[in-house]
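A short write-up of the structure that comes next.
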Amino acid sequence: MSAQIKSTRQAILQAGMQEFMKYGYEKASLRRIAKEAMVTTGAIYGYFPSKEALFDALTGEAADGLLDMYKRVHVEFASLSPEKQAAALEEITDNSVPDMVNYVYDRLELFQLLFLKSNAGTCDSYLDQLAEIEEKSSWDFINAMKEIGHEVKDIDNTLIHIISRSFFRQLLEFVAHDIPREKALSYSLVLGRFQHAGWKKIMGL
10 MSAQIKSTRQ AILQAGMQEF MKYGYEKASL RRIAKEAMVT TGAIYGYFPS KEALFDALTG
70 EAADGLLDMY KRVHVEFASL SPEKQAAALE EITDNSVPDM VNYVYDRLEL FQLLFLKSNA
130 GTCDSYLDQL AEIEEKSSWD FINAMKEIGH EVKDIDNTLI HIISRSFFRQ LLEFVAHDIP
190 REKALSYSLV LGRFQHAGWK KIMGL
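Heads up, the sequence shown is in this note's numbering, so the first residue is 10 and it goes up one at a time.
Structure (structure tokens):
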């Protein structure tokens with residue numbers, strides 16, 4: 010990619026960021042983005058085939074990175090023996106939750122865009138992707154605890170989904186309410202421990 014092409018693409022991305030942050034996805038205008046980037050609307054389509062593609066180019070890498078981080082945490086947790094999983098429940102919260110919060114705050118503007126300025130359904134769909142990872146891990150953990158003889162209380166798919174999704178709503182709330190990073194880190198640990206205390210009760214630990 011030539012320097013000129015990189016420069017033009019970057020100008021479009023910067024103008025797109027400003028436009029989406031100001032107007033939100035639905036009201037954002039490619040015409041205004043083109044004017045700000047000093048290119049034609051047709052030139053934008055040469056780099057991004059749609060407004061959605063431009064939005065994805067801004068947020069996709071950050072969003073995928075958080076998904077990958079969360080998947081790795083659960084893969085590592087699942088690799089432990091059932092006995093070690095039971096013992097490591099609080100430790101994994103104390104280690105992984107701050108990493109997730111810091112990841113979001115290191116890319117705060119991009120997550121503001123994704124959580125607060127995206128088109129209808131995009132944020133919900135993304136939170137669902139995160140919740141799906143948590144849901145699978147929850148069922149794996151339930152089965153692991155049953156395997157070593159714990160009397161797990163009855164729980165169904167809907168409740169697991171609600172519990173899993175609520176964890177990620179916290180991240181959205183931190184961003185939506187401009188919670189400072191240090192407070193978000195503190196809150197997230199308290200909320201994570203609160204949630205895991207509930208899990209321990211459910212699991213009979």
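Heads up, the beta-carbon is just placed ideally off N, CA and C, and yes, glycines get one too.
In chain order, what residues of the same chain have a beta carbon less than 6 Å from the beta carbon of residue i, not counting five sequence neighbours either side?
i: Glu28; result: Ala37, Arg41, Ile42
i: Ser197; result: Val106, Val110
i: Glu45; result: Ala24
Judging by CA-CA distance, which residue of the options is the nearest neighbour of residue i?
i: Ala72; options: Leu194, Glu160, Leu123, Trp148; result: Leu123
i: Glu144; options: Leu168, Lys162, Asn128; result: Leu168
i: Phe150; options: Met47, Glu45, Val84; result: Val84
i: Met47; options: Glu141, Leu75, Thr17, Val199; result: Thr17
i: Thr49; options: Ala20, Asp103, Ser173, Lys80; result: Ala20
i: His170; options: Val161, Asp103, Leu139; result: Leu139
i: Gly69; options: Leu39, Cys132, Tyr32, Ala95; result: Cys132
i: Glu7; options: Tyr196, Ala193, Met109, Phe177; result: Lying before the first or after the last residue shown, residue 7 is absent from the chain, which here runs from 10 to 214.
i: Glu191; options: Ser146, Val106, Gly213, Glu100; result: Val106
i: Glu61; options: Lys80, Glu182, Leu76, Gly33; result: Gly33
Am I right that residue i and residue j are in contact with their C-beta atoms under 8 Å? What's the rounded C-beta distance?
i: Leu180; j: Val113; result: 6 Å
i: Ala39; j: Ile53; result: This sequence places Leu at residue 39; Ala is not what is there. Confirmed, Cβ separation roughly 6 Å.
i: Arg8; j: Thr102; result: Nothing about residue 8 can be reported from this structure: the residues present for the chain run from 10 to 214 only.
i: Asp108; j: Met78; result: 7 Å
i: His205; j: Leu98; result: 5 Å
Excluding the 5 residues flanking residue i on each side, which residues of the same chain have their C-beta closer than 8 Å to its C-beta?
i: Met30; result: Glu118, Gln121, Leu122, Lys126
i: Gly213; result: Met154, His159, Glu160, Val161, Lys162
Leaving out five residues before and five after residue i in sequence, what residues of the same chain have Cβ atoms less than 7 Å from its Cβ?
i: Ile211; result: Val161, Lys162, Ile164
i: Gln94; result: Phe86, Phe150, Ala153
i: Glu35; result: Asn128
Using a Cβ distance threshold of 8 Å, determine whether the segment 88-104 contacts the segment 146-161, with at least three qualifying pairs required.
yes
Would you say the segment 54-71 touches the segment 17-28, given that touching needs at least three Cβ pairs under 8 Å?
yes
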